[in-house]
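Participant:
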Amino acid sequence: MRVNSRSGRSRGAGRAGHPGPDDLREEVRRRFFPHEAGAPVRVGVEAEWIPLLSGSGHPAPLDDPAGPSLLSMLRGCSERTGWTERVSDGAVVSFHAPTGGKVSLEPGGQVEYSSPPFAGTAPLLADLHDVAGLLARAAEREGIRLLAVGIDPVNPVERAELLIASDRYRRMARHFDRCGPAGRRMMRQTAAFHVNVDFGPDPRLQWRVANALVPLLIAIFANSARCAGGATGFRSFRAQQWRELMPGAPTDAPTRKGSADPVEIYYRAALRAPALLLGPEDAAPLPFERWMGSADLDAWRRHLTTLFPEVRPRGYMEIRSCDALPPRWHAAPIVFLQGLLCDPGTLAEAALRLPPAGFEELEAAGRYGLHDPTRQALARDLFDLALEGARRLGEDVVDGAAIRSAGEFRDRFTAKGRDPAGEAE
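Per numbering that gives the first Met the number 0: the sequence shown = residues 0 to 424.
1) For VAL91, list the residues DSSP reports as bridge partners.
2) For the candidate residues GLY100, ARG140, GLU111, GLU105, whose alpha-carbon lies nearest to that of ALA125?
3) Given LEU384, which residues of its chain have a CB within under 8 Å of its CB, disregarding the five upstream and five downstream residues?
4) Quick one: what's got a C-beta closer than 6 Å to TYR266's C-beta in the same chain, skipping five residues either side?
5) Which two residues bound the contiguous alpha helix (DSSP H) that contains MET72?
6) Give a yes or no on whether the C-beta atoms belonging to GLU360 and ALA191 are separated by under 8 Å.
7) Using the three-state DSSP reduction, which class does ASP22 fall into: helix, strand or coil?
8) Can you check DSSP and say which residues form a bridge with TRP48?
9) Under the assumption that ILE219 contacts THR373 (Cβ atoms under 8 Å), give the Cβ distance between them as a whole number of angstroms.
10) Taking the C-alpha atoms as reference points, what is the distance between SER223 and VAL153?
11) With VAL148 as the anchor, note down where its alpha helix (DSSP H) starts and where it stops.
12) On the criterion of 16 or more Cβ atoms from any shown chain inside 10 Å, does PHE175 qualify as buried, or is it exposed?
13) How should VAL86 be labelled, buried or exposed, when 16 other C-beta atoms within 10 angstroms of its C-beta is the threshold for buried?
14) Is the segment 112–125 in contact with the segment 60–80, if contact means three or more CB pairs nearer than 8 Å?
15) How should ARG183 be labelled, buried or exposed, when 16 other C-beta atoms within 10 angstroms of its C-beta is the threshold for buried?
16) Taking the alpha helix (DSSP H) that ARG140 belongs to, which residues open and close that run?
17) Would you mind reading off the limits of the beta strand (DSSP E) that contains ILE318?
18) Does the pairing of the segment 300–313 with the segment 268–281 give three or more beta-carbon distances under 8 Å?
19) Give every residue of the same chain whose Cβ lies closer than 6 Å to the Cβ of PRO155, excluding the five residues on either side of it in the sequence, and list them in chain order.
20) Going by the DSSP bridge assignment, what does LEU428 pair with across the sheet?
21) I'd like to know whether the C-beta atoms of VAL334 and ALA401 end up nearer to each other than 8 Å.
22) Please work out which residues of its chain come closer than 8 Å, Cβ to Cβ, to GLY142, disregarding the five sequence neighbours upstream and downstream, and give them in chain order.
23) Write down every uninterrupted run of the beta strand (DSSP E) in the segment 313–398 whose length is 3 residues or greater and which is fully enclosed by it, in chain order.
24) If you draw a straight line from the alpha carbon of LEU134 to that of ALA364, how long is it in whole angstroms?
25) Between ARG289, LEU204, PHE408, ALA211, which lies nearest to PRO20 when the distance is taken from Cα to Cα?
26) Check the C-beta distance from ALA221 over to GLY368 and give it rounded, since I have them as a contact under 8 Å.
Listed below in structure tokens is the structure:
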């Protein structure tokens, strides 16, 4: 950051101590390019499940002294594991494992496990397998089913309640409810499998390739073809909710004409995005740029946490495009992304093969998936390239068992133009 030699303030700083454009850009920059030379590139995940009552199929309640509930399930699991229960923001309950992982609840009660980062897939998948097993057993004892799908396949959107009523979630719910059924479904009925990958020595190329991969990720790992008891007409109905809500989200911005600097692109998109956490709670939110000169840097930081592009910079890349998957297939998206983003040769080759991901391609990927022969051929070729890259990374980074599991997924689904959603139809 450049400093004005006479005032000591950063150029572009706001008045009366409020941050100026340079301060806000610098905060965005920290989310993109923190890599230190020689630092290992780590990987982690955020795995989500849809919890339904085993008897009625209705969404599991947060707390019910007379019957099954999410808190009873998680507290029972915590008693057996030594997880520590914490409450933040007056309403958000989470359970923290000694390993550094965290189990929490999304606004509609979706169960999420956020793993710590690992240098290799073997310890990551072992940790994920252990937690998924603990949660499945605890849910079964409680009379709850944890569905590993991208959207609630049973319940209509009118039945989806806001179970976590923190100030943040209330404000977000008001905004997304104004957007119609897609907003309500997104917050309360969807589940994803996020893969988190550190930026490496070539972060700009990694960012470009990760964004270009989004349509393929949506299509390959589509697992939400049914909702509210019927077929939706989409392979990934979860992805379609995002298309209806955020067709111009920052993840698309690197493909637009103009500046090629991802920090500047993301910064300007964030300024235009509605500031969900500022202003009266019952009023439609204004773009953050309308608060320039009055909001402080903490408000800007909180605002950045309300942006949900397909690839989200958080000091690493949070890649959000995969529907929730059954545990047996968890290795597939991890290996796919490690193989393409972490091996330098494969990264360069993927950059040559991938076209930019425009809105029409994103929408078509969610609707048709791999039923489109051109998309299927590209997905198969990129999966093969990813497996090659994963092998080159070495056993310490991507172990043979993970590569074999990803290869089985490729042969069972991608090579045949199928997706996991087909197994539930």
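Note that beta-carbon positions come from the ideal geometry of N, C-alpha and C, so glycine has one too.
Facilitator: According to the structure shown:
1) If you number the sequence shown from 1, residue 91 lands on position 92. DSSP lists SER87 as partners of VAL91.
2) Looking up residue 125 in the sequence shown gives position 126. Closest by alpha carbon: GLY100.
3) Residue numbering aside, residue 384 sits at position 385 when the sequence shown is read from its first letter. Around LEU384: GLY338, LEU339, THR345, GLU348, ALA349, ARG352.
4) Taking the sequence shown and counting its residues from 1, one reaches residue 266 at position 267. Excluding sequence neighbours, TYR266 sits near ARG24, VAL27.
5) The residue you call residue 72 lines up with position 73 of the sequence shown. Looking at the DSSP string, the run of the alpha helix (DSSP H) that includes MET72 is 69–80.
6) Your numbering for residue 360 matches position 361 in the sequence shown. Your numbering for residue 191 matches position 192 in the sequence shown. No, these two residues do not count as a Cβ contact at 8 Å.
7) By 1-based counting over the sequence shown, the position of residue 22 is 23. Three-state DSSP puts ASP22 in a helix.
8) Taking the first residue of the sequence shown as position 1, residue 48 is located at position 49. TRP48 is bridged to VAL110.
9) On the sequence shown, position 220 is the one that residue 219 refers to. On the sequence shown, position 374 is the one that residue 373 refers to. Not confirmed; about 14 Å, so no contact.
10) The residue labelled residue 223 in the question sits at position 224 within the sequence shown. The residue labelled residue 153 in the question sits at position 154 within the sequence shown. Their backbone Cα atoms lie some 11 Å apart in a straight line.
11) Here residue 148 is taken as the residue at index 149 of the sequence shown, counted from 1. Careful: VAL148 lies outside any alpha helix (DSSP H) and carries neither H nor E.
12) Residue numbering aside, residue 175 sits at position 176 when the sequence shown is read from its first letter. So PHE175 ends up on the buried side.
13) To locate residue 86, count along the sequence shown from 1; it is residue 87. Counting Cβ neighbours within 10 Å, VAL86 comes out exposed, since fewer than 16 surround it.
14) Not touching, per the Cβ criterion.
15) Position 184 of the sequence shown, counting from 1, holds the residue named residue 183. By the neighbour-count rule (16 or more Cβ atoms within 10 Å), ARG183 is buried.
16) Reading the sequence shown from its first residue, position 141 is the one you call residue 140. Taken as a continuous stretch (DSSP letters only), the alpha helix (DSSP H) holding ARG140 covers 120–141.
17) Start at 1 with the first residue of the sequence shown, and residue 318 comes out as number 319. It spans 315–322 - the beta strand (DSSP E) in which ILE318 sits, taken as one unbroken run.
18) yes
19) Mapped onto the sequence shown, residue 155 falls at position 156. So the list reads ALA227, once near-sequence residues are dropped.
20) This structure does not reach residue 428, given that the chain is present from 0 up to 424, and the question cannot be answered.
21) The residue you call residue 334 lines up with position 335 of the sequence shown. The residue you call residue 401 lines up with position 402 of the sequence shown. Contact flag set, yes.
22) Taking the first residue of the sequence shown as position 1, residue 142 is located at position 143. Result list for GLY142: LEU52, SER53, GLY54, GLY66, PRO67, in chain order.
23) Annotation: the segment 313–398 contains the following complete segments of the beta strand (DSSP E) (minimum length 3 residues), in chain order: 315–322.
24) Position 135 of the sequence shown, counting from 1, holds the residue named residue 134. Position 365 of the sequence shown, counting from 1, holds the residue named residue 364. The alpha-carbon separation between LEU134 and ALA364 amounts to approximately 31 Å.
25) As a first step, residue 20 must be located in the sequence shown, where it is residue number 21. For PRO20, the closest C-alpha among the options ARG289, LEU204, PHE408, ALA211 is that of ARG289.
26) Counting from 1 along the sequence shown, the entry for residue 221 is found at position 222. Counting from 1 along the sequence shown, the entry for residue 368 is found at position 369. The pair is a contact, with the Cβ atoms about 5 Å apart (cut-off 8 Å).
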